[in-house]
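Counted from 1, the sequence shown has number 53 at position 54 by numbering that gives the first Met the number 0; the numbering is strictly sequential.
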Amino acid sequence: MQNPGGYLYRVGQSAVRRFASRHLPETALTRRAVELPDIHPELLIALGRLSDQQRAVVVLVHAFGWRQTEVADILGVSPSTIHAHLDRALERLRALMEVSDAC
């Protein structure tokens with residue numbers, strides 16, 4: 000494989016799009032359609048180690064720039080639940096990335 004980082008980026012991007020197409024209303028998808036920013040391959044691996052709910056919240060808030068209240072409405076949970084998922088996910092990502100950096 001010539002570019003494993005590029006491959007992981009595409010896999011992550013496809014996973015996010017699949018999740019969005021299955022779980023978000025069409026109006027939200029068309030209203031907020033954006034390309035993912037360049038993401039470090041290790042971050043994609045770390046994102047894959049989060050729960051589905053945590054990963055969705057992190058991607059929607061940080062990659063797509065949605066407000067937590069918007070994510071709560073779309074996922075059908077309270078804003079405080081989104082906040083808790085985001086806090087736990089970011090804590091987990093920091094820990095995973097520290098382990099990755101230490102290797």
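Even glycine gets a Cβ: it sits at the ideal position worked out from N, Cα and C.
As the structure is a computational prediction, the values presented were derived from the model and not from experiment.
Counting the other CB atoms within 10 Å of its CB gives Val-70 a total of 16 or more, which places it among the buried residues. Here the alpha carbons of Val-98 and Gly-64 stand approximately 27 Å from one another. CA-CA distance, Val-76 to Gln-67, rounds to 11 Å. DSSP, reduced to helix, strand and coil, places Leu-42 within a helical segment of the structure shown. His-84 and Pro-40 have their C-alpha atoms some 22 Å from each other.
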